[in-house]
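Right, one structure below, let's go through it.
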Amino acid sequence: MNRVVLSNYMALTHPSQPNYIGLITGSLSGVWNDLEVNVNRKSIVDLLEAKGITWKSYQEAYSGGCDTKMRIGTYARKHNPFMSIVNIQQNPDRCAKIVSADQLDTDIANDEVPQFVFYTPDMNDDSHDTNMPYASKWFEGFLEPRIGKTELNKNTMFVATFDENFTYTIKNQIMTVLFGPDFKRSSNKAEDDTPYNHYSLLRTIEDNWDLGNLGQKDVDATPIQL
Numbered sequence: 000m001n002r003v004v005l006s007n008y009m010a011l012t013h014p015s016q017p018n019y020i021g022l023i024t025g026s027l028s029g030v031w032n033d034l035e036v037n038v039n040r041k042s043i044v045d046l047l048e049a050k051g052i053t054w055k056s057y058q059e060a061y062s063g064g065c066d067t068k069m070r071i072g073t074y075a076r077k078h079n080p081f082m083s084i085v086n087i088q089q090n091p092d093r094c095a096k097i098v099s100a101d102q103l104d105t106d107i108a109n110d111e112v113p114q115f116v117f118y119t120p121d122m123n124d125d126s127h128d129t130n131m132p133y134a135s136k137w138f139e140g141f142l143e144p145r146i147g148k149t150e151l152n153k154n155t156m157f158v159a160t161f162d163e164n165f166t167y168t169i170k171n172q173i174m175t176v177l178f179g180p181d182f183k184r185s186s187n188k189a190e191d192d193t194p195y196n197h198y199s200l201l202r203t204i205e206d207n208w209d210l211g212n213l214g215q216k217d218v219d220a221t222p223i224q225l
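Numbering-wise, the sequence shown is residues 0 to 225 according to numbering that gives the first Met the number 0.
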């Protein structure tokens with residue numbers, strides 16, 4: 000499988016939630032904690048829909064139904080940034096695209112996987128309430144049965160990343176890998192040490208579909224070299 004490690008990819012800040020908000024809006028939007036926030040700002044969803052690009056956010060342990068609770072069992076809204084954007088919360092059609100992760104297998108079986116997929120593991124599977132060996136085992140078990148399905152992988156680049164690193168006392172570097180059976184890159188190098196961050200990923204998504212930008216930090220962000 001083709002892949003490249005982005006060995007100089009940084010999170011934006013601590014704690015978790017501002018990184019997610021920044022990734023989809025191009026700005027921290029005044030969010031500096033993991034408490035309930037309602038951000039009145041455009042997001043990647045506005046750009047995707049303007050171009051007719053289909054999307055869904057798959058959230059493990061999420062109950063669905065536009066539920067805005069901050070914590071439901073092992074689900075945490077701080078890791079689901081779409082639910083904190085006002086023009087998604089208040090739009091039933093958009094809100095319906097935030098679904099339980101169980102829906103992914105149904106969408107694969109029906110060949111209905113959208114063009115843009117945002118998948119968030121729950122607080123166990125992402126290692127937050129467990130550990131990295133646990134998360135690694137989960138990721139392998141999650142990926143291996145699905146990655147070979149053309150309904151999921153056709154013409155698709157997968158991005159595996161984290162919101163932030165574990166500690167505040169060192170630089171906020173996070174593991175990020177691009178991969179996929181159909182993933183192709185101009186360079187054959189297995190590692191890219193260019194400085195990137197979450198705004199870079201947002202900019203890369205924008206450039207991929209010629210979406211324009213959100214007029215925030217995405218404008219000057221370095222897109223990931225593909």
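C-beta: ideal position from N, C-alpha, C; glycine also. As the structure is a computational prediction, the values presented were derived from the model and not from experiment.
Checklist entry - Where does L34 land, buried or exposed, given buried means 16+ other C-beta within 10 angstroms? => result With fewer than 16 other beta carbons inside 10 angstroms of its own, L34 counts as exposed.
Item to check | Per-residue DSSP class, three states only, for F117 | outcome: Here DSSP, grouped into helix, strand and coil, assigns F117 to strand.
Next on the checklist: Just to confirm my understanding: we take S226, look at its own chain, exclude 5 residues before and 5 after, and list those with CB closer than 6 Å. What are they?
Outcome noted: The requested residue 226 does not occur in the structure, where the chain is confined to residues 0 to 225.
Next on the checklist: Please report the distance separating the alpha-carbon of R70 from that of R76.
Outcome noted: Taking the straight line from one Cα to the other gives about 6 Å.
Checklist entry - Three-state secondary structure (DSSP) at L210? => result Residue state, collapsed to three classes: coil.
Checklist entry - How big is the Cα-Cα spacing for P220 and R2? => result Here the sequence assigns Ala to residue 220, which means Pro is not the residue at that position. Spanning the two alpha carbons is a distance of roughly 22 Å.
Checklist entry - Touch check for the stretch 129-138 and the stretch 80-95: three-plus C-beta pairs under 8 Å? => result no
Checklist entry - What residue range is occupied by the uninterrupted alpha helix (DSSP H) comprising R93? => result Counting along the chain, the alpha helix (DSSP H) containing R93 begins and ends at P91 to C94.
Next on the checklist: For a minimum of 3 consecutive residues, which ranges assigned as the beta strand (DSSP E) are wholly contained in the stretch 38-120?
Outcome noted: Listed in chain order, they are 54-58, 97-99 and 115-119.
Item to check | Straight-line gap, Y74 to V116 (C-alpha atoms, nearest Å) | outcome: Distance between the alpha carbons of Y74 and V116: 18 Å.
Checklist entry - Using DSSP with H/G/I as helix, E/B as strand and the rest coil, what is F165? => result coil
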